[in-house]
Amino acid sequence: MTNSDQNPNSGDVYVNENCIWCGACVAICWEVFDLDDDGLAFASPWVQETDNVNDAIWACPVDAIHYKD
Ligand code: SF4
């Protein structure tokens, strides 16, 4: 699965093009985030707001994770 399959228009959060593939979000919230073969993280479409998601958002060094409006 690639970013083009999932981002940015599916799910409650998305990862934008600022992602530098550091893996922090995956380490913090592996239930939601994963790294794809294109060098970007992506969020599972079923994600709901959780403390782990918020922690991953705060931990992202390039502010690449956002909730959809
Ligand atoms: S923490 Fe941010 S930069 Fe790092 S992999 Fe996740 S979305 Fe990408």
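If you want the working numbering, it's the 1-based position in the sequence shown plus 3. Where is the CB? At the ideal position from N, CA and C, for every residue including glycine.
Rounded to the nearest angstrom, the Cβ distance from TRP24 to LEU43 is 7 Å, consistent with a contact under 8 Å. Under DSSP, ILE60 takes part in no beta bridge, so it has no partner. Of the heavy atoms belonging to the ligand SF4, at least one sits nearer than 7 Å to the Cβ of VAL65. By the beta-carbon neighbour count (other beta carbons within 10 angstroms, threshold 16), VAL35 is buried. For ILE68, the three-state secondary structure derived from DSSP is strand. Non-local beta-carbon contacts of ASN19 in its own chain, meaning distances under 6 Å to residues more than five positions away in sequence, involve ALA67 in chain order.
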